[in-house]
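Asks:
Residue numbers (the numbering used here): 2 to 586.
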């Protein structure tokens, strides 16, 4: 860790988790917990639980869970040190100088260096654009109608024609070849030295949601290839977790976000007053992008190129966005190819009118299907009607399906009754496949392993919910009896904290876990609700059975690990005494 445990715990304790999460997600109180829609996956019924007592959150739908640090790291895409600093500042707390281990210091220094390089490179490109050497780049942007104010806002720049220009600049600032080779800004060759990734290009600094430069895109001057070049992924830059322009769009007052294809589309949109425009970063639109957008809006308007490739991209993006729980509409830019051309020819006011009239994603899909058939040919028109009916049969909500049936029949001159009959036919003939289950059937050996681990998991959950059991189980069960590594680690922390403080604080224990998957498992452990039986004696029996099973597995594990005959005899006797074990809550 970058800070001492005491500092980490103070930061955590001074940020109430309900207050923090409710500033991101609407929560409603139910009993002792608060519930809302999970920000990490799409759901219609709230399964995201936040506990003020435990100072933890847990989603019973997707398994996301943790404390205030985990939430900020996941939601804001922060590293752990960044989350600590953010929460300390939120609590008005001044952090001491960091005490780093050698390994942690090396990793932290590498990220700091990378941030410095990106920032310096962005500044260098910006200054170069406004120099004699950058005239070609500035002329290109001016020709595209980009103002100086917009250039400054987005930090646009220029990479010179020399292939080692940035390399020599960064070397002059003290960066080593070893540091530079991980930056994605230059390529290091032992024989030929360093060469720039970007040269003879107008440069677009890529910023994360918190306005930190994490990568670059470059548009070649002239007929070079590729036309647009993007940074490869680094420790800072993950294409599936970032969108170009999101650092501005997240603060927009509009209730929707406009998703464009490229850098220039976003820049033109913002310059025209549409500051809620973003674009994917030279990669296919992913589920990660969909969930990222869901954090900031409930509606997305697609503004892709009006050519065939753009239409295909829209059709690929629609199910991803809808799968993230977003309402999706499609902007009609015809007769122009992209937002930039549209704004230049018809102006921002006309674009605003088009945005207000943007079509629902479903009607767009139907219109694309209609375009594949000759509507004046009876046979072709019949084929289209069948395809439209198949699309409609995929709408599961009856009222929505009925409304769309009427809308399609009006727009494409089809009898509404005949269309509904055809939709019903496809809906009942097995054409509409069941949605795939979220989790495929797991192999038998995986289930067997999980069944073996279940008693350890349940006993730890019981200890968290009923701390009095630490005293009742003294001399019977200890941390070493939890043989599964992750549960052994949790048991060590729980027993140690109870012995020291006479209580357990789940959120404090979670601070010890840095791996996100481990955090999810521990969060699940601490948020499981015990199903207690009406009669006390039944609960006593259930608890005794769980303790006995954990102890039996522990003894068998020790026997497998030992070749000492005397030790075996002791373990066999200990196992025999378990038959008389009885624990009362």
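All C-beta atoms in this analysis are idealised placements derived from N, C-alpha and C, irrespective of residue type, glycine included.
For residue 286 and chain C, any beta-carbon pair shorter than 9 Å?
Replies: Absent from the structure: chain C. Only one protein chain is present.
Asks: What residues match up with residue 60 in a beta bridge as DSSP calls it?
Replies: According to DSSP, residue 60 bridges with 49.
Asks: Using only the alpha-carbon positions, how far apart do residue 30 and residue 36 sit?
Replies: Cα-Cα distance, rounded: 6 Å.
Asks: Determine the contact status of residue 392 and residue 376, defining contact as a CB-CB distance below 9 Å.
Replies: Going by C-beta atoms, residue 392 is not nearer than 9 Å to residue 376.
Asks: Using three-state DSSP, classify residue 7 as helix, strand or coil.
Replies: Helix.
Asks: By the 10 Å Cβ neighbour count, where 16 or more other Cβ atoms means buried, how is residue 201 classified, buried or exposed?
Replies: Burial call: buried.
Asks: Less than 8 Å between the CB atoms is what I'm expecting for residue 189 and residue 178, so what's the real figure, rounded?
Replies: The pair is a contact, with the Cβ atoms about 5 Å apart (cut-off 8 Å).
Asks: Within 10 angstroms of the Cβ of residue 216, are there 16 or more other Cβ atoms? Answer buried if so, exposed if not.
Replies: Buried, by the Cβ-count rule.
Asks: What beta strand (DSSP E) runs, 3 residues minimum, are completely inside the region 136–190?
Replies: Runs found: 158–160, 187–190.
Asks: Run through DSSP, which three-state label would residue 206 get?
Replies: Strand.
Asks: Measure the CB-CB distance between residue 317 and residue 286 and report whether it falls below 9 Å.
Replies: Cβ atoms of residue 317 and residue 286: closer than 9 Å.
Asks: Identify whether residue 296 lies in helix, strand or coil by the three-state DSSP scheme.
Replies: Coil.
Asks: Taking its Cβ as the centre, do 16 or more other Cβ atoms sit within 10 Å of residue 21, making it buried, or is it exposed?
Replies: Label assigned to residue 21: buried.
Asks: Going by beta carbon distance, what residues of the same chain come within less than 7 Å of residue 485, once the five residues before and after it are set aside?
Replies: These residues qualify, in order along the chain: 454, 457.
Asks: Under 9 Å, do residue 321 and residue 290 count as touching if we go by C-beta distance?
Replies: Cβ atoms of residue 321 and residue 290: closer than 9 Å.
Asks: DSSP on residue 549, reduced to helix/strand/coil?
Replies: If DSSP states are grouped into helix, strand and coil, residue 549 belongs with the helices.
Asks: What number of angstroms, rounded off, separates the C-alpha of residue 509 from the C-alpha of residue 92?
Replies: Answer to the nearest angstrom: the Cα atoms are 17 Å apart.
Asks: What does the alpha-carbon distance come out to for the pair residue 460 and residue 305?
Replies: So the alpha carbons of these two residues sit roughly 54 Å apart.
Asks: Give me the Cβ distance between residue 26 and residue 40, rounded to the nearest whole Å; I'm assuming they're in contact under 8 Å.
Replies: That belief holds up - the Cβ atoms of residue 26 and residue 40 are roughly 5 Å apart, short of 8 Å.
Asks: Please classify residue 552 as buried or exposed, where buried requires at least 16 neighbouring CB atoms within 10 angstroms.
Replies: Flag for residue 552 reads buried.
Asks: Let me make sure I understand the geometry here. Which of 213, 279, 141 has the alpha-carbon closest to that of residue 223?
Replies: Of the candidates 213, 279, 141, the one whose C-alpha sits nearest the C-alpha of residue 223 is 141.
Asks: Given residue 352, which residues of its chain have a CB within under 8 Å of its CB, disregarding the five upstream and five downstream residues?
Replies: Cβ neighbours of residue 352 beyond the five flanking positions: 273, 275, 340, 343, 344.
Asks: Just checking residue 275 against the ligand MG - is the residue's beta carbon closer than 8 Å to any of the ligand's heavy atoms?
Replies: This structure does not include the ligand MG; it has no bound ligands of any sort.
Asks: Could you compute how far the alpha carbon of residue 244 sits from the alpha carbon of residue 23?
Replies: So the two alpha carbons sit approximately 25 Å from each other.
Asks: Among 313, 90, 14, whose alpha-carbon lies nearest the alpha-carbon of residue 54?
Replies: With distances taken between Cα atoms, residue 54 lies closest to 14.
Asks: Provide the residue(s) that pair with residue 329 in DSSP beta bridges, ordered along the chain.
Replies: DSSP, once it has assigned bridges, lists 301 as partnering residue 329.
Asks: Here's the rule I'm using: 16 or more other beta-carbon atoms within 10 Å means buried, otherwise exposed. How should residue 574 be labelled?
Replies: Exposed.
Asks: Please report how far the alpha carbon of residue 337 lies from the alpha carbon of residue 63, in whole angstroms.
Replies: Spanning the two alpha carbons is a distance of roughly 42 Å.
Asks: Can you give me the start and stop residues for the beta strand (DSSP E) that residue 195 sits inside?
Replies: First-last of the beta strand (DSSP E) with residue 195: 194–197.
Asks: Quick check: what's the CA-CA separation for residue 110 versus residue 176?
Replies: Their Cα atoms are separated by approximately 12 Å.
Asks: Which residue's Cα is closest to the Cα of residue 514: 488, 501, 500, 328?
Replies: Taking only the C-alpha atoms, the option nearest residue 514 is 488.
Asks: Look at residue 585 and residue 539 and say whether their C-beta atoms are less than 9 Å apart.
Replies: Contact flag unset, no.
Asks: Taking the straight line between their C-alpha atoms, what separation do you get for residue 1 and residue 536?
Replies: Lying outside 2 to 586, the shown extent of the chain, residue 1 is not represented and no answer is given.
Asks: Tell me the DSSP secondary structure of residue 395 in three-state form.
Replies: DSSP places residue 395 in coil when its eight states are reduced to three.
Asks: Are residue 204 and residue 160 close, meaning C-beta to C-beta below 9 Å?
Replies: Yes.
Asks: Would you kindly work out how many angstroms separate the C-alpha atoms of residue 481 and residue 560, rounded to a whole number?
Replies: Residue 481 and residue 560: Cα-Cα distance of roughly 14 Å.
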